[in-house]
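Numbering (the working numbering), first residue to last: 967 to 1076.
Down below is the structure, laid out as C-alpha coordinates.
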(Lines of atoms letter the chains of each structure in order from A and count residues from 1; the text may use other names and numbers.)
(Lines give C-alpha, C1' and ligand atoms only; values in the text may rest on other atoms or scores of the structure.)
Protein backbone atom coordinates (compact mmCIF):
# COMPACT_ATOMS: atom_id res chain seq x y z
CA UNK A 1 0.00 0.00 0.00
CA UNK A 2 1.51 3.36 -1.07
CA UNK A 3 1.10 6.43 1.12
CA UNK A 4 1.27 9.98 -0.14
CA UNK A 5 2.87 12.56 2.10
CA UNK A 6 0.70 15.63 2.41
CA UNK A 7 2.78 18.78 2.32
CA UNK A 8 1.96 22.10 3.92
CA UNK A 9 1.69 23.67 0.46
CA UNK A 10 -0.91 21.11 -0.60
CA UNK A 11 -2.90 21.77 2.57
CA UNK A 12 -2.78 25.55 2.07
CA UNK A 13 -3.84 25.22 -1.57
CA UNK A 14 -6.78 22.99 -0.65
CA UNK A 15 -7.80 25.44 2.05
CA UNK A 16 -7.68 28.29 -0.48
CA UNK A 17 -9.68 26.36 -3.09
CA UNK A 18 -12.33 25.40 -0.53
CA UNK A 19 -12.74 29.01 0.57
CA UNK A 20 -12.88 30.21 -3.05
CA UNK A 21 -15.70 27.76 -3.76
CA UNK A 22 -17.59 29.05 -0.73
CA UNK A 23 -16.91 32.67 -1.72
CA UNK A 24 -18.29 31.99 -5.20
CA UNK A 25 -21.59 31.04 -3.55
CA UNK A 26 -21.54 34.33 -1.62
CA UNK A 27 -20.79 36.23 -4.85
CA UNK A 28 -23.64 34.44 -6.59
CA UNK A 29 -26.11 35.27 -3.81
CA UNK A 30 -25.09 38.92 -3.45
CA UNK A 31 -24.51 39.61 -7.14
CA UNK A 32 -21.13 41.22 -6.47
CA UNK A 33 -17.61 39.79 -6.56
CA UNK A 34 -15.59 39.07 -3.41
CA UNK A 35 -12.21 40.82 -3.13
CA UNK A 36 -9.32 38.39 -2.63
CA UNK A 37 -6.62 41.04 -2.33
CA UNK A 38 -5.68 44.63 -3.18
CA UNK A 39 -2.02 45.35 -3.79
CA UNK A 40 -0.71 48.87 -4.41
CA UNK A 41 2.01 48.62 -7.04
CA UNK A 42 2.95 52.30 -7.21
CA UNK A 43 1.67 55.42 -5.54
CA UNK A 44 2.60 58.97 -6.53
CA UNK A 45 0.94 61.89 -4.78
CA UNK A 46 -2.79 61.15 -5.07
CA UNK A 47 -2.52 58.73 -8.01
CA UNK A 48 -2.00 54.99 -7.71
CA UNK A 49 -1.49 51.83 -9.72
CA UNK A 50 -3.20 48.95 -7.97
CA UNK A 51 -3.67 45.24 -8.55
CA UNK A 52 -7.04 43.88 -7.44
CA UNK A 53 -8.08 40.22 -7.45
CA UNK A 54 -11.76 39.34 -7.18
CA UNK A 55 -13.74 36.14 -7.33
CA UNK A 56 -17.17 35.77 -8.94
CA UNK A 57 -19.41 32.77 -9.48
CA UNK A 58 -16.99 31.01 -11.84
CA UNK A 59 -13.64 32.79 -12.14
CA UNK A 60 -10.94 34.78 -10.42
CA UNK A 61 -10.21 38.10 -12.15
CA UNK A 62 -6.93 39.95 -11.53
CA UNK A 63 -6.86 43.55 -12.77
CA UNK A 64 -4.22 46.26 -12.73
CA UNK A 65 -5.86 49.68 -12.49
CA UNK A 66 -4.54 53.24 -12.40
CA UNK A 67 -6.61 55.92 -10.72
CA UNK A 68 -6.56 59.14 -8.74
CA UNK A 69 -5.22 62.65 -9.14
CA UNK A 70 -5.51 63.96 -12.67
CA UNK A 71 -5.27 60.45 -14.13
CA UNK A 72 -8.58 59.11 -15.42
CA UNK A 73 -9.27 55.57 -14.17
CA UNK A 74 -7.75 53.06 -16.59
CA UNK A 75 -7.67 49.27 -16.77
CA UNK A 76 -4.04 48.43 -17.59
CA UNK A 77 -4.21 44.64 -17.49
CA UNK A 78 -6.75 41.90 -16.84
CA UNK A 79 -6.25 38.17 -16.31
CA UNK A 80 -8.96 35.56 -15.82
CA UNK A 81 -8.30 32.27 -14.01
CA UNK A 82 -10.23 29.19 -13.00
CA UNK A 83 -10.00 28.52 -9.27
CA UNK A 84 -7.35 25.82 -9.75
CA UNK A 85 -5.27 27.99 -12.10
CA UNK A 86 -5.42 30.93 -9.69
CA UNK A 87 -4.40 28.80 -6.70
CA UNK A 88 -1.30 27.55 -8.52
CA UNK A 89 -0.50 31.02 -9.89
CA UNK A 90 -0.76 32.81 -6.53
CA UNK A 91 1.24 30.08 -4.75
CA UNK A 92 4.11 30.61 -7.19
CA UNK A 93 3.76 34.38 -7.25
CA UNK A 94 3.66 35.43 -3.60
CA UNK A 95 3.10 33.67 -0.30
CA UNK A 96 2.12 37.00 1.27
CA UNK A 97 -0.65 37.56 -1.29
CA UNK A 98 -1.74 33.94 -0.86
CA UNK A 99 -2.14 34.44 2.88
CA UNK A 100 -3.94 37.75 2.30
CA UNK A 101 -6.40 35.90 0.04
CA UNK A 102 -7.09 33.30 2.72
CA UNK A 103 -7.54 35.96 5.40
CA UNK A 104 -9.93 38.01 3.24
CA UNK A 105 -11.90 34.90 2.30
CA UNK A 106 -12.19 33.88 5.96
CA UNK A 107 -13.68 37.30 6.73
CA UNK A 108 -16.09 37.22 3.79
CA UNK A 109 -17.48 33.72 4.32
CA UNK A 110 -17.71 33.68 8.10
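Backbone N, C-alpha and C fix where the C-beta goes; we use that ideal spot for every residue, glycine too.
- Task: Could you tell me the boundaries of the alpha helix (DSSP H) in which residue 1049 lies?
- Result: 1049-1059
- Query: Is it buried or exposed for residue 999, if we count other Cβ within 10 angstroms and need 16 for buried?
  - Reply: buried
- Query: What do you reckon, are the CB atoms on residue 1005 and residue 1063 nearer than 8 Å?
  - Reply: yes
- Note the first and the last residue of the continuous alpha helix (DSSP H) segment covering residue 973. Note, residue 973: premise wrong, no alpha helix (DSSP H); not H, not E.
- Message: Taking only three categories from DSSP, how would you classify residue 1072?
- Response: helix
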